[in-house]
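Notes for the one structure printed next.
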């Protein structure tokens, strides 16, 4: 366990540029933009939209930036896995890590786990900090536009807690849902390096094409493979509450959002996906065990 | 219960019928050898002879045919466990370049149960390697010093060095081997080393193995080399007579003919000229050319 934690820490040190420095720069830029907009009185946008209350403005802003951080995390994780499984070979450090008393499965497992734990945790922390910035932005907006209704701090705290909780659950479930896709690009990376980026899409596309052109199995339009992948790529389909809520006076109903999220998940697919992810990491570790770089 | 393979009498390394193929090409043709504990082995061969492939097999880095046991374990199946008691340097540039020296030591402390950080730090005392330095900013010589400090701080039974000083200047090379001998080697530890600069390590070797085209052509203790091989600087008028004794190698240098003999009595050779024990490099050249394809 101690060595696994150390290996995850190694991943953190090696990839902190994408998961710590870049988010730090983004947060710094956001802060500068916020301060700049306060100094230059540029809050026309919020006023024209006509947010019914400061709390709604905050909730929507927090949800929006959380969504943007989620997109950032998913994109960065994709490139992380496309690189990390092959990084020791590319860095000419394979033989050093092979001289350590840890199995190839543990090394690749640590890379998989780093992408599922510490890096998302950092980005989640960044989204919380951004939520704080949204709060300050809201306060600044109230300062400039006193007509905006300002509820008490406790209302903000409850909203922030609700949204943060929902974001966390959504993030965890999404990571588990997409784990086989990340493992797929990682396993490809162990074999072909950065060519895994196009191949991660090209191989399924070719399989789907082969099904349609060569085998012509009938079935749904587009074939079984592509339809399955399209379904499997989809995550977290709730109702339209997320959008309609913004145009009503009611507070955000995260309870309903939780319910929709949990109901939309195919749990057998999620568990099966995790098993596939574990098998892909194992296959990649066996490849790594048998193909030493010299 | 004691593992019989790890008692003092048992060899540290044992190979029987060790073969390795890459596709249809057989690189190693069934090597048989034992390496006892407490020895310093030199594995010498020309480029492509199979040295690194042999070491990779011993270290569990590649699959193979035949039977190999290192410290009683199958290295390919049990590499991770084996590395608790085996250290190796296969490439001086293989340290993770993104780490600082301090970070490397901290990670190793948690990853390797036999790594002693205090020892590693003490080995770096007096060098230009600073704890806060990033490895990618160190010179090649400093990286070699750091890597040596790392492996010397691991309490291992077997140390394998594959061309550990490649690309280093003579000063660093000599310092490297001196530290290895003075600060690391004990009677319980075994060292296997390959290098092209055989003359530089000759003084420290206890045993020698020559490998040619995937075959082991010589495996003997250094102290027995002089009993089996002799080199004679043959006087010009004795060349024909000396040649009649079938030298394994003959070369004319600056008007003098040097011949290497195997299994010929030294008293008999003395009549042809000055007899000495061939250096490892001379013996290597002689044996590589004998029966070469």
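Protein chains in written order, with this note's numbering: chain P, 1 to 294; chain G, 1001 to 1293.
Heads up, the beta-carbon is just placed ideally off N, CA and C, and yes, glycines get one too.
Computed from a predicted model, the values in this text were never measured in an experiment.
Spatial distance of residue i from residue j (CA atoms)
i, j, result
"residue 93 of chain P", "residue 1093 of chain G", "8 angstroms"
"residue 80 of chain P", "residue 1063 of chain G", "30 angstroms"
"residue 1067 of chain G", "residue 1266 of chain G", "39 angstroms"
"residue 72 of chain P", "residue 1011 of chain G", "56 angstroms"
"residue 46 of chain P", "residue 66 of chain P", "Caution applies to residue 46 of chain P, whose pLDDT of 48 falls short of 50 and renders its modelled position unreliable; the model cannot decide the point."
"residue 133 of chain P", "residue 261 of chain P", "27 angstroms"
"residue 1231 of chain G", "residue 1187 of chain G", "32 angstroms"
"residue 1002 of chain G", "residue 1085 of chain G", "With a pLDDT of only 37 at residue 1002 of chain G, under 50, the local geometry of the prediction cannot be trusted, and the value read off the model is given with reservation. Whole-angstrom Cα-Cα distance: 16 angstroms."
"residue 280 of chain P", "residue 184 of chain P", "6 angstroms"
"residue 1241 of chain G", "residue 1277 of chain G", "20 angstroms"
"residue 180 of chain P", "residue 24 of chain P", "29 angstroms"
"residue 1288 of chain G", "residue 190 of chain P", "39 angstroms"
"residue 1248 of chain G", "residue 1166 of chain G", "30 angstroms"
"residue 1133 of chain G", "residue 1120 of chain G", "15 angstroms"
"residue 1174 of chain G", "residue 22 of chain P", "45 angstroms"
"residue 171 of chain P", "residue 58 of chain P", "20 angstroms"
"residue 1122 of chain G", "residue 1087 of chain G", "19 angstroms"
"residue 194 of chain P", "residue 200 of chain P", "10 angstroms"
"residue 69 of chain P", "residue 123 of chain P", "7 angstroms"
"residue 1201 of chain G", "residue 84 of chain P", "39 angstroms"
"residue 1264 of chain G", "residue 1244 of chain G", "12 angstroms"
"residue 4 of chain P", "residue 278 of chain P", "16 angstroms"
"residue 102 of chain P", "residue 62 of chain P", "42 angstroms"
Buried or exposed by the 16-neighbour rule on C-beta atoms within 10 Å, applied to residue i
i, result
"residue 1079 of chain G", "buried"
"residue 1131 of chain G", "exposed"
"residue 1141 of chain G", "buried"
"residue 86 of chain P", "buried"
"residue 215 of chain P", "exposed"
"residue 111 of chain P", "buried"
"residue 1207 of chain G", "buried"
"residue 2 of chain P", "exposed"
"residue 91 of chain P", "buried"
"residue 15 of chain P", "buried"
"residue 208 of chain P", "buried"
"residue 304 of chain P", "In the structure displayed, chain P extends from 1 to 294; residue 304 of chain P sits before or after that span and is not available."
"residue 1349 of chain G", "No answer is possible for residue 1349 of chain G: the residues shown for chain G start at 1001 and end at 1293."
"residue 153 of chain P", "exposed"
"residue 234 of chain P", "exposed"
"residue 98 of chain P", "buried"
"residue 41 of chain P", "exposed"
"residue 1274 of chain G", "exposed"
"residue 1203 of chain G", "exposed"
Residue i, enclosing beta strand (DSSP E) - first and last residue
i, result
"residue 1223 of chain G", "That residue, residue 1223 of chain G, is in no beta strand (DSSP E); its alpha helix (DSSP H) goes 1222-1228."
"residue 1029 of chain G", "1025-1035"
"residue 1040 of chain G", "1040-1044"
"residue 1250 of chain G", "1249-1253"
"residue 1289 of chain G", "Here residue 1289 of chain G belongs to no beta strand (DSSP E); instead the alpha helix (DSSP H) covers 1280-1289."
"residue 1013 of chain G", "1013-1022"
Among the options, the one whose alpha carbon lies nearest that of residue i
i, options, result
"residue 1284 of chain G", "G:1229, G:1239 and G:1240", "G:1229"
"residue 1053 of chain G", "G:1255, G:1033, G:1028 and G:1127", "G:1028"
"residue 1020 of chain G", "G:1056, G:1262, G:1074 and G:1033", "G:1056"
"residue 1251 of chain G", "G:1227, G:1127, G:1286 and G:1070", "G:1286"
"residue 1108 of chain G", "G:1220, G:1061, G:1144 and G:1083", "G:1083"
"residue 232 of chain P", "P:126, P:274, P:144 and P:257", "P:274"
"residue 267 of chain P", "P:84, P:252, P:187 and P:174", "P:174"
"residue 192 of chain P", "P:8, P:288, P:264 and P:29", "P:288"
"residue 145 of chain P", "P:265, P:5, P:284 and P:38", "P:38"
"residue 1139 of chain G", "G:1095, G:1150 and G:1161", "G:1095"
"residue 1209 of chain G", "G:1193, G:1203 and G:1197", "G:1193"
"residue 1219 of chain G", "G:1227, G:1034 and G:1254", "G:1034"
"residue 6 of chain P", "P:108, P:26 and P:30", "P:108"
"residue 142 of chain P", "P:222, P:159, P:54 and P:128", "P:54"
"residue 1046 of chain G", "G:1217, G:1099 and G:1224", "G:1217"
"residue 258 of chain P", "P:230, P:17, P:166 and P:196", "P:166"
Residue i - containing alpha helix (DSSP H), residue span
i, result
"residue 1185 of chain G", "Unbroken run through residue 1185 of chain G: none, as it is neither H nor E."
"residue 3 of chain P", "2-16"
"residue 1162 of chain G", "Counting along the chain, residue 1162 of chain G falls outside any alpha helix (DSSP H), though it belongs to the beta strand (DSSP E) covering 1158-1162."
"residue 1259 of chain G", "Per DSSP, residue 1259 of chain G belongs to no alpha helix (DSSP H); it is in the beta strand (DSSP E), 1256-1262."
"residue 181 of chain P", "153-192"
| field | the region 1082-1109 of chain G: positions lying closer than 9 angstroms to chain P by Cβ | value | 1082, 1083, 1084, 1085, 1086, 1087, 1088, 1089, 1090, 1091, 1093, 1094, 1095, 1096, 1097, 1098, 1099, 1100, 1103, 1106, 1107, 1108 and 1109
| task | Name, going along the chain, the residues of the region 9-25 of chain P whose beta-carbon falls closer than 8 angstroms to a beta-carbon of chain G. | result | 9, 10, 13 and 14
| message | Using a Cβ-Cβ cutoff of 7 angstroms, what residues of the region 1045-1073 of chain G are near chain P? List them in chain order. | response | 1052, 1056, 1061, 1062 and 1063
| message | Give me the subset of the region 1186-1213 of chain G whose CB atoms are less than 9 angstroms from a CB atom of chain P, sorted by chain position. | response | none
| task | Report the residues of the region 69-93 of chain P with a CB closer than 7 angstroms to any CB of chain G, ordered along the chain. | result | 91, 92 and 93
| query | Between the region 98-111 of chain P and chain G, which residues of the former have CB atoms less than 7 angstroms from a CB of the latter, in chain order? | reply | 98, 99, 100, 101, 102 and 103
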